[in-house]
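Structure record follows, encoded as structure tokens.
2 protein chains.
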Amino acid sequence: MQQPDLATALIAGDRRALARAITLVESTRPDHRAAALAVLEAAARAGRQALRIGLSGTPGVGKSTFIESFGLMLVNQGLRVAVLAVDPSSARSGGSILGDKTRMDRLSREPAAFIRPSPSQAHLGGVARRTREAISLCEAAGFDVVLIETVGVGQSETLVAEMADLFILLLAPAGGDELQGVKRGIMEMADLILVNKADGDLKPAALRTVSDYAGALRLLRKRPQDPEGFPKALPVSALAEDGLAQAWAEMQALAQWRRDRGHFAAHRAEQARQWFEAEVREGLLARLTRDPAVRARLGALGDAVAAGRAAPAQAAAEMLASLGG
Amino acid sequence: MQQPDLATALIAGDRRALARAITLVESTRPDHRAAALAVLEAAARAGRQALRIGLSGTPGVGKSTFIESFGLMLVNQGLRVAVLAVDPSSARSGGSILGDKTRMDRLSREPAAFIRPSPSQAHLGGVARRTREAISLCEAAGFDVVLIETVGVGQSETLVAEMADLFILLLAPAGGDELQGVKRGIMEMADLILVNKADGDLKPAALRTVSDYAGALRLLRKRPQDPEGFPKALPVSALAEDGLAQAWAEMQALAQWRRDRGHFAAHRAEQARQWFEAEVREGLLARLTRDPAVRARLGALGDAVAAGRAAPAQAAAEMLASLGG
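First to last, the sequence lines map onto chains A and E.
Sequential numbering of the first sequence, starting at 1, is according to the UniProt record's numbering.
Sequential numbering of the second sequence, starting at 1, is according to the UniProt record's numbering.
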């Protein structure tokens with residue numbers, strides 16, 4: 001398919017076109033990159049906006065079950081839902097294409113849903129760029145909600161929080177009154193803490209955990225982009241499909257409050273600027289690896305430094321001079 | 001002082017010349033940078049090597065007291081000791097020049113000692129570069145041991161471990177059998193764990209903590225650069241000046257073992273290569289902020305992106321094209 005056709009099919013909402021466009025932006029081939037830029041430009045011109053929900057939860061909290069139940073509820077309300085995964089660790093395992101679709105079996109069979117696993121990129125910067133671009137493509141394809149999920153490891157949570165409109169932390173009921181070692185920084189990013197598995201035997205523990213987190217959240221400084229009462233902690237049961245409607249109502253209320261007061265648009269504008277600047281930085285650094293002659297020079301100077309024949313700072317100055325500017 | 005004179009005085013072991021040379025490499029002025037490169041090149045030609053010891057310990061473990069006692073012991077053995085601090089958080093507090101000298105009062109008055117606080121740099125990359133260069137300058141000035149100390153926050157420990165020959169973790173006695181929440185990654189970087197305050201009332205707790213860590217260390221995979229029995233946990237008392245000689249003997253034994261087997265030189269070669277590559281990356285990125293015209297263009301394109309008049313990826317491509325290459 002030619003790029004104009006791909007963009008047209010994408011904007012018409014075709015899921016196969018969306019999948020192909022994401023594959024295109026994931027490619028590192030220079031000719032693919034030019035085509036990807038054209039599709040992204042067409043996507044931006046479509047001027048569509050989805051609600052971007054970042055969702056973090058460590059393995060074992062029931063994240064897949066939650067996304068499946070929550071996604072199906074939205075689909076049943078007539079909404080189109082895209083799910084993107086951000087998992088830098090999947091670079092090692094080579095991704096989990098089958099895994100992602102298998103673990104959200106019912107949702108993946110819905111025509112109004114689109115599920116895309118994490119790309120197998122070697123570094124977080126690559127995953128970040130691809131995810132930001134995939135979000136734009138999902139929005140252009142007419143999806144109403146884009147769920148960006150991540151496991152709670154390293155910096156991927158910050159990355160997801162930065163590219164989302166709302167950031168949700170999914171937790172399991174805690175034993176006793178411990179706060180599960182959730183880092184303060186992560187709590188400060190959360191708009192909503194959902195304690196899953198509030199069903200059966202675990203329900204009392206889940207409710208107690210909600211109350212512990214509600215207390216901890218009250219100690220945080222109120223943020224200007226939050227109405228009274230936010231960030232909030234709520235119990236949900238993805239398995240029993242309980243509490244999901246209330247969680248969704250809270251997300252919508254928060255988003256609407258921010259839209260009405262301009263925080264939503266201001267946040268998006270700042271995100272776009274940061275995305276642009278990150279892209280420029282990554283593009284500059286890519287010059288070190290793209291051209292074989294540059295790569296060879298970097299290697300040779302590195303060898304000289306390692307062998308003690310040149311001082312690192314001096315060799316770096318020489319390398320930079322050879323790159324012009 | 002002209003740069004050739006500065007380099008000559010530095011290599012003659014003059015501490016004031018060393019302090020001025022470090023100030024020079026910390027400067028961000030382009031003309032200072034050229035002079036700094038000349039001094040670094042002269043320093044590298046001196047071909048001297050110190051033992052670089054990285055030391056991490058959170059506030060409260062008695063790090064300053066340890067450095068003072070340990071440093072004085074080395075000075076009394078006829079060694080020259082430099083202490084460099086790496087504390088990215090000091091960027092906010094504006095450094096702690098007085099603080100560092102005050103808290104190591106006796107050591108700072110020794111002619112064979114040199115103490116330098118953390119620079120007030122805005123980002124970890126800047127602190128990293130300055131510290132690597134300051135290490136080289138201390139080596140050229142004939143110091144035998146360079147202690148690079150850091151508080152255990154964020155990535156500063158990894159940074160210090162990467163630029164040191166040996167990495168020491170200083171801990172306080174723990175209550176009960178808890179392992180003080182020391183992250184596995186930090187433990188894996190440590191060559192030696194020293195449990196401080198093994199004196200008075202705390203001695204039994206310190207010995208128990210040593211034994212807990214010794215057990216935990218035995219569970220780690222043996223590293224090729226380690227002889228049998230390493231990494232080790234030992235009790236010390238900086239206050240009672242107890243155990244310091246044994247700790248120093250262990251450090252020397254480990255360094256000698258690695259020297260004999262080539263691990264030491266291989267590690268240094270790899271460090272130098274990484275330093276060079278980091279320097280090249282930072283130099284490339286600095287082009288975005290150095291030239292006012294480039295900075296203005298980046299700002300204008302960022303504004304266009306924030307206002308929704310341009311797609312981030314497209315604007316980034318335009319910016320990169322304007323930077324050539």
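Cβ coordinates follow ideal geometry from the N, Cα and C atoms, glycine included.
All figures in this text were calculated on a predicted structure; none of them were measured in a lab.
- If you draw a 10 Å sphere on the C-beta of Arg130(A), you find 16 or more other C-beta atoms in it, and that means buried.
- Leu79(E) is outside the set of residues whose beta carbon lies under 9 angstroms from a beta carbon in chain A.
- Among the residues facing chain E, Phe276(A) is included, as its CB has a counterpart in that chain under 9 angstroms away.
- Cα atoms of Asn76(E) and Ala253(E): separation of roughly 20 angstroms, rounded to the nearest angstrom.
- It is roughly 33 angstroms from the alpha-carbon of Gln225(E) to the alpha-carbon of Val39(E).
- Residue environment for Leu220(E): exposed (fewer than 16 other C-beta atoms within 10 angstroms of its C-beta).
- For the region 244-277 of chain A, the set of residues with a beta-carbon nearer than 8 angstroms to any beta-carbon of chain E comprises Ala269, Glu270, Ala272, Arg273, Trp275, Phe276 and Glu277, in chain order.
- For Leu301(E), the neighbours in chain A by C-beta distance under 8 angstroms run, in chain order, Phe276.
- Secondary structure in the region 226-276 of chain A: the alpha helix (DSSP H) runs of 4 residues or longer, each lying completely within the stretch, are 244-260 in chain order.
- Closer than 9 angstroms to the CB of Leu159(E) there is not a single CB belonging to chain A.
- Less than 9 angstroms separates the beta-carbon of Pro312(E) from that of Phe276(A).
- Against chain E, the CB of Val146(A) has no partner CB under 9 angstroms away; the residue lies outside that interface.
- Interface flag for Met104(E) against chain A is unset, since no Cβ pair is found closer than 9 angstroms.
- Looking only at Ile135(E), Arg106(E) and Ala44(E), the smallest Cα-Cα distance to Ile67(E) is reached by Arg106(E).
- Around the beta carbon of Ser56(A), 16 or more other beta carbons lie within 10 angstroms, which makes this residue buried.
- For Phe143(A), the three-state secondary structure derived from DSSP is coil.
- Remark: C-beta atoms of Phe114(A) and Ala85(A) do not approach each other more closely than 9 angstroms.
- Taking C-beta atoms under 8 angstroms as the contact rule, Ile193(A) and Ala128(A) fail to qualify, at a distance of about 24 angstroms.
- For Gly302(A), the uninterrupted alpha helix (DSSP H) run begins and ends at Pro292 to Ala306, by DSSP.
- Proximity of chain A to Pro312(E) at the Cβ level (cut-off 7 angstroms) is accounted for by Ala272, Trp275, Phe276 and Glu279, in chain order.
- With respect to chain A, the C-beta atom of Met319(E) has a partner C-beta closer than 9 angstroms.
- Comparing alpha carbon positions, the residue from Ala307(A), Gln256(A) and Ile11(A) closest to Leu137(A) is Ile11(A).
- CA-CA distance, Leu170(E) to Glu162(E), rounds to 17 angstroms.
- Using a Cβ distance threshold of 9 angstroms, Ala272(A) and Val305(E) count as a contacting pair.
- By the criterion of a C-beta distance shorter than 8 angstroms, Ser64(A) is surrounded in its chain by Arg103 and Met104, once the five residues flanking it on both sides are discounted.
- Cα atoms of Arg218(E) and Ala35(A): separation of roughly 54 angstroms, rounded to the nearest angstrom.
- In this structure, Ala42(A) places its C-beta atom within 9 angstroms of the C-beta atom of Pro4(A).
- Ranked by Cα distance from Gly125(E), the first of Gly283(E), Gly71(E), Glu139(E) and Pro117(E) is Gly283(E).
- Within its own chain, the residues whose Cβ lies closer than 7 angstroms to the Cβ of Leu298(A), once the five positions on either side in sequence are excluded, are Leu288 and Met319, listed in chain order.
- Separation of Gly200(E) and Ala245(E) (C-alpha to C-alpha, rounded to the nearest whole angstrom) is 19 angstroms.
- For Pro173(A), the number of other beta carbons within 10 angstroms of its own is at least 16, and it is reported as buried.
- As computed with DSSP, Phe167(E) is found in a beta bridge with Gly54(E).
- Excluding sequence positions up to five before and after Leu37(E), its CB lies less than 7 angstroms from no other CB in the same chain.
- For Val81(E), the beta-bridge partners assigned by DSSP are Ala113(E) and Val145(E).
- Contact annotation: Ser69(A) and Glu241(A) have beta-carbon atoms nearer than 9 angstroms.
- Taking 9 angstroms as the cut-off, the beta carbon of Ala238(E) is found no closer than this to the beta carbon of Lys203(E).
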